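One structure below.
Number of protein chains: 4
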Amino acid sequence: MAERGRPKGANGEESRALLLKVAANEFAQNGYHNTKVSSIVKGANLSQPAFYLYFKNKEAIFEELEDLFHLRMIEFTKKSRLEPNLQLSTLKERIVYGLQNLLEYLAKNPDLTRIGFYISTRAGELKKQLVNEIKENLDFEVSLGYFRKDVDTQMVAESLIGMIERLTFSQLLSKQKEPAQIANNIVNLLLYGILETQLFLGDKNEQTW
Amino acid sequence: MAERGRPKGANGEESRALLLKVAANEFAQNGYHNTKVSSIVKGANLSQPAFYLYFKNKEAIFEELEDLFHLRMIEFTKKSRLEPNLQLSTLKERIVYGLQNLLEYLAKNPDLTRIGFYISTRAGELKKQLVNEIKENLDFEVSLGYFRKDVDTQMVAESLIGMIERLTFSQLLSKQKEPAQIANNIVNLLLYGILETQLFLGDKNEQTW
Amino acid sequence: MAERGRPKGANGEESRALLLKVAANEFAQNGYHNTKVSSIVKGANLSQPAFYLYFKNKEAIFEELEDLFHLRMIEFTKKSRLEPNLQLSTLKERIVYGLQNLLEYLAKNPDLTRIGFYISTRAGELKKQLVNEIKENLDFEVSLGYFRKDVDTQMVAESLIGMIERLTFSQLLSKQKEPAQIANNIVNLLLYGILETQLFLGDKNEQTW
Amino acid sequence: MAERGRPKGANGEESRALLLKVAANEFAQNGYHNTKVSSIVKGANLSQPAFYLYFKNKEAIFEELEDLFHLRMIEFTKKSRLEPNLQLSTLKERIVYGLQNLLEYLAKNPDLTRIGFYISTRAGELKKQLVNEIKENLDFEVSLGYFRKDVDTQMVAESLIGMIERLTFSQLLSKQKEPAQIANNIVNLLLYGILETQLFLGDKNEQTW
DNA sequence: AATGAATGAGTGTTCATTCAT
DNA sequence: CATGAATGAACACTCATTCAT
Numbered sequence: 001m002a003e004r005g006r007p008k009g010a011n012g013e014e015s016r017a018l019l020l021k022v023a024a025n026e027f028a029q030n031g032y033h034n035t036k037v038s039s040i041v042k043g044a045n046l047s048q049p050a051f052y053l054y055f056k057n058k059e060a061i062f063e064e065l066e067d068l069f070h071l072r073m074i075e076f077t078k079k080s081r082l083e084p085n086l087q088l089s090t091l092k093e094r095i096v097y098g099l100q101n102l103l104e105y106l107a108k109n110p111d112l113t114r115i116g117f118y119i120s121t122r123a124g125e126l127k128k129q130l131v132n133e134i135k136e137n138l139d140f141e142v143s144l145g146y147f148r149k150d151v152d153t154q155m156v157a158e159s160l161i162g163m164i165e166r167l168t169f170s171q172l173l174s175k176q177k178e179p180a181q182i183a184n185n186i187v188n189l190l191l192y193g194i195l196e197t198q199l200f201l202g203d204k205n206e207q208t209w
Numbered sequence: 210m211a212e213r214g215r216p217k218g219a220n221g222e223e224s225r226a227l228l229l230k231v232a233a234n235e236f237a238q239n240g241y242h243n244t245k246v247s248s249i250v251k252g253a254n255l256s257q258p259a260f261y262l263y264f265k266n267k268e269a270i271f272e273e274l275e276d277l278f279h280l281r282m283i284e285f286t287k288k289s290r291l292e293p294n295l296q297l298s299t300l301k302e303r304i305v306y307g308l309q310n311l312l313e314y315l316a317k318n319p320d321l322t323r324i325g326f327y328i329s330t331r332a333g334e335l336k337k338q339l340v341n342e343i344k345e346n347l348d349f350e351v352s353l354g355y356f357r358k359d360v361d362t363q364m365v366a367e368s369l370i371g372m373i374e375r376l377t378f379s380q381l382l383s384k385q386k387e388p389a390q391i392a393n394n395i396v397n398l399l400l401y402g403i404l405e406t407q408l409f410l411g412d413k414n415e416q417t418w
Numbered sequence: 419m420a421e422r423g424r425p426k427g428a429n430g431e432e433s434r435a436l437l438l439k440v441a442a443n444e445f446a447q448n449g450y451h452n453t454k455v456s457s458i459v460k461g462a463n464l465s466q467p468a469f470y471l472y473f474k475n476k477e478a479i480f481e482e483l484e485d486l487f488h489l490r491m492i493e494f495t496k497k498s499r500l501e502p503n504l505q506l507s508t509l510k511e512r513i514v515y516g517l518q519n520l521l522e523y524l525a526k527n528p529d530l531t532r533i534g535f536y537i538s539t540r541a542g543e544l545k546k547q548l549v550n551e552i553k554e555n556l557d558f559e560v561s562l563g564y565f566r567k568d569v570d571t572q573m574v575a576e577s578l579i580g581m582i583e584r585l586t587f588s589q590l591l592s593k594q595k596e597p598a599q600i601a602n603n604i605v606n607l608l609l610y611g612i613l614e615t616q617l618f619l620g621d622k623n624e625q626t627w
Numbered sequence: 628m629a630e631r632g633r634p635k636g637a638n639g640e641e642s643r644a645l646l647l648k649v650a651a652n653e654f655a656q657n658g659y660h661n662t663k664v665s666s667i668v669k670g671a672n673l674s675q676p677a678f679y680l681y682f683k684n685k686e687a688i689f690e691e692l693e694d695l696f697h698l699r700m701i702e703f704t705k706k707s708r709l710e711p712n713l714q715l716s717t718l719k720e721r722i723v724y725g726l727q728n729l730l731e732y733l734a735k736n737p738d739l740t741r742i743g744f745y746i747s748t749r750a751g752e753l754k755k756q757l758v759n760e761i762k763e764n765l766d767f768e769v770s771l772g773y774f775r776k777d778v779d780t781q782m783v784a785e786s787l788i789g790m791i792e793r794l795t796f797s798q799l800l801s802k803q804k805e806p807a808q809i810a811n812n813i814v815n816l817l818l819y820g821i822l823e824t825q826l827f828l829g830d831k832n833e834q835t836w
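Protein chains in written order, with the working numbering: chain F, 1 to 209; chain W, 210 to 418; chain A, 419 to 627; chain X, 628 to 836.
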């Protein structure tokens, strides 16, 4: 008899998970206020009271989704710090690798991503944390001699987050580009800039950050 | 004594402008749904029906603010295309100049900026337009030989918008840095990247975008 | 054209007063929980939002009614303290007078009375206050030589409140007896007791309170 | 080891009794509407369906508690009728005895008392019955010559119930006074009144109930 | 004897919007 | 130009009660 014939969610955990999934989708699509509890439960084939069996209220389920994303993001960022004694080729590889991992997670969890990056009122807070984490990594990596000593690591970290955010939305979630491509592009841009090398070589002393 | 005898906002245009100003602030602070018509009119010392004298509904006043920002942004972007025959130093100057102008506008209109960049549901659409505009500029500029031919101008344009957006929020609106500083930072990063030059020179053939 | 033709409550104060009146009746009849905001507004020919124009919420309108009664009761009690140098006949008259006044107020405000005495969760608190007030009056009056020195004034005060409460409900609000009658009965009982005088006279030393 | 292997309340009667006990407490503390079936079963360590194994619904368990109290009260009142040929001292003793018994029961069953006297919507009905019973007793006792023929026995009965009710709540259940004390106080007040005897003797013809 | 899971029916409250003046 | 008064339409949330096991 397996699953069929069983009341929809005889297993409470399943119902809960389903609600979370549906809610993530609705929130991602319509935002917090335009997502009604009634439509979440409808999507999960449950009644309204069932919702309150598993979540204190509408805010609570949203926060649970926020937190989930939050935690993952922090994890990814922590893992991205570079080790000493890398060569340029490995260095790039390593950076791309970390970034690609992150982007792959985002691509696999588009709803959560949209919520965590754009819809959550705590998105700003999250990004600030990510920036801080990245800045520390960068400071360390500058000290390792990987990057110029004259860069403002705070600004670079902010820029990186801005790029990730934007490209995630416009290229990744819309499936225009693969995580690997995006990661490569970001890293190349960040490492080398876009200036035509000839101009650069003939004029490089000029830059003052 | 100008106003003598006349009720507070007897001048319709004044009332309208005041409503717009208050609304911008409320929307920027609290978002669309958490901004109530009742609180807008309270902030403008008017009654609720007065609101509907000047705006069709809540959506309309929001859209008016959105559009205002939208138009300015497009303008700024159009003005930023580079002319031919620039030297590196001038080139940078020119880019920084355009960017700084834009950032100065954003800094002067923080509410509008927040609305247009973060709160408007059409923010995505706006950014897409800006990206397109910038991409076209870049393509042109690449053809002028200013930038590498191997860069993906779409990605660069997206990245630039992402950086602007992020730094606007975290550095500009929070008054951590001046428009000029931010513009300089962005341009340097974009033009030169962050790679330690030694590594770069010894390894430059490797890059494949 | 006067009142007719005017939208139901063009005068806000009227609407508010009407709501209070209807609410008092509903609360008195059905208790707090069985009184729905919907039925209050129906009784006042208003819509539900109108209710919230005048009262913060259901609790607030109930508390306003509670407080109204509360204040009146305290007033009546304060006014009932006896002056010195009264003769028995005047003494009784005076006590009856105060009590009758109180009962007349209760009779004229049956809804408020039911709310304040039986429905309010703060009824206990109110009665305690009234008891205290009465006890102090009694202590003073005992010192004037009006009443026996061996009575426990606290107990008498409690008893008096108990009698008033009970007779209000069973005789006054049900219109079985007039305020004057009830006041007289209470006073006689309280002053003289019910014991057959013969027994009393022949045995009066026995009492030990 | 009695309970070994058996689920918590394997004995149905025990579960039922427990539910009744918990319910009595909750109802007494919070009233009917603020007592939730969910909190009753929680207090009894049972599930919600278990509740409906023993009681038809929430109303039924409440009524059962009401009835329990109701019956006891009627019993006590019936037993309190006085026999003929008592002397004053014995008379008082007898009255006090009956009253004390009643109060002792109330003191031992505070939850039931609160429910039956204050919370039950049938409290009014019960009190009316008690009053009737007492009035009949009084009529009989007046005919025996114990009490004045000019007292309104209905009013006295109502007053007595009012006093019992009030003192039960304020002195007995709050453990300020013992049943015996309260009984004595009530009886003394009822029999002799509070008037200073000198005034009384010099003026006693005046009373007209 | 007992329960995990679920729901029908309601209820207070909010908000954008409008009518009559 | 302006408002006091009012409302339609929704929505989150609660609670007693029941089904299937």
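Even glycine gets a Cβ: it sits at the ideal position worked out from N, Cα and C.
Model, not experiment: these values are computed from the prediction.
Practice task
Could you tell me whether the Cβ atoms of F:G162 and W:R331 are closer together than 8 Å?
Solution key: No. Outside cutoff.
Practice task
Tell me, please, whether the CB atom of F:E125 is closer than 8 Å to any CB atom in chain W?
Solution key: no
Practice task
Name the one or two DSSP bridge partners that A:F565 has.
Solution key: X:L822
Handout entry: Contained alpha helix (DSSP H) runs [length at least 4] in the segment 28-53 of chain F, N- to C-terminal order
Key = 37-43
Practice task
My understanding is that A:V605 touches A:K510, with C-beta atoms under 8 Å, so please give their C-beta distance in whole angstroms.
Solution key: With a Cβ gap of about 6 Å, A:V605 and A:K510 count as contacting.
Exercise for the section: Report yes or no: is there a C-beta of chain W within less than 8 Å of the C-beta of F:R16? Expected result: no
Exercise for the section: Could you give the DSSP three-state label for W:S379: helix, strand or coil? Expected result: helix
Handout entry: Under 7 Å from the C-beta of X:G772: neighbouring residues of chain A
Key = E614
Practice task
Assess, as a yes-or-no matter, whether the segment 260-272 of chain W is touched by the segment 232-247 of chain W under the definition of 3 or more beta carbon pairs within less than 8 Å.
Solution key: These segments touch.
Exercise for the section: Tell me whether A:Q594 counts as near the ligand SAM, meaning its Cβ is closer than 7 Å to at least one heavy atom of that ligand. Expected result: Questions concerning the ligand SAM fall outside what the structure shown contains, since it holds no ligand whatsoever.
Exercise for the section: Could you tell me the boundaries of the alpha helix (DSSP H) in which F:F76 lies? Expected result: K58 to K78
Problem - C-beta neighbour in chain W for F:G193, strict 8 Å - result: At a cut-off of 8 Å between C-beta atoms, F:G193 counts as an interface residue with respect to chain W.
Problem - Contact belief for W:R290 with W:F349 at Cβ below 8 Å, rounded distance in angstroms - result: 6 Å between Cβ atoms; contact.
Exercise for the section: For W:G371, decide whether its Cβ has a neighbour in chain F, counting only Cβ atoms nearer than 8 Å. Expected result: yes
Problem - Check whether A:T453 and A:F487 have beta carbons under 8 Å apart - result: no
Exercise for the section: Compare the Cα-Cα distances from A:A446 to each of A:A468, A:A435, A:E431 and A:E484 and report the closest residue. Expected result: A:E484
Practice task
Using a Cβ cut-off of 8 Å (strictly closer), state whether A:N550 contacts chain X.
Solution key: In terms of beta-carbon proximity, A:N550 stays away from the interface with chain X, with every pair separated by 8 Å or more.
Practice task
Report back the beta-carbon spacing between A:L608 and A:L578 to the nearest angstrom; my notes put them in contact at under 8 Å.
Solution key: A Cβ-Cβ distance of about 7 Å is found for the pair A:L608 and A:L578, placing them in contact under the 8 Å criterion.
Practice task
Would you check if the distance between the CB atom of F:I182 and the CB atom of W:V365 is smaller than 8 Å?
Solution key: It is not a contact, given that the beta carbons lie outside the stated cut-off.
Exercise for the section: With A:K526 as the anchor, note down where its alpha helix (DSSP H) starts and where it stops. Expected result: L506 to K526
Exercise for the section: Could you run through the segment 507-521 of chain A and flag, in chain order, every residue whose CB is less than 7 Å away from some CB of chain X? Expected result: S507
Exercise for the section: Say whether chain X places a C-beta atom closer than 8 Å to the C-beta of A:L607. Expected result: yes
Practice task
Compare the C-beta of F:M155 with all C-beta atoms of chain W and state if any pair is closer than 8 Å.
Solution key: yes
Handout entry: Contact list for the segment 52-85 of chain F against chain W, Cβ threshold 7 Å
Key = none
Handout entry: Closer than 8 Å to chain F by CB, W:D320
Key = no
Problem - C-alpha distance - W:L228 paired with A:L471, whole-angstrom precision - result: W:L228 and A:L471: Cα-Cα distance of roughly 23 Å.
Problem - Length of the line joining the Cα atoms of F:K8 and F:L46 - result: Confidence in F:K8 is poor, its pLDDT being 44 and thus under 50, which makes the residue's placement too unreliable to answer from.
Problem - Neighbourhood of X:E785 by C-beta distance below 7 Å, restricted to the same chain and skipping five residues each side - result: V758
Handout entry: Local conformation of X:K802 per DSSP, three classes
Key = coil
Exercise for the section: With 8 Å as the threshold, decide whether the Cβ of A:S588 is near any Cβ in chain X. Expected result: yes
Practice task
Taking only the alpha-carbon atoms, compute the straight-line gap between A:P597 and A:L517 and give it to the nearest angstrom.
Solution key: 8 Å
Practice task
Just mark A:G542 as buried or exposed, buried being the case when its beta carbon has 16 or more other beta carbons within 10 Å.
Solution key: exposed
Handout entry: Under the three-state DSSP convention, the category X:L816 falls into
Key = helix
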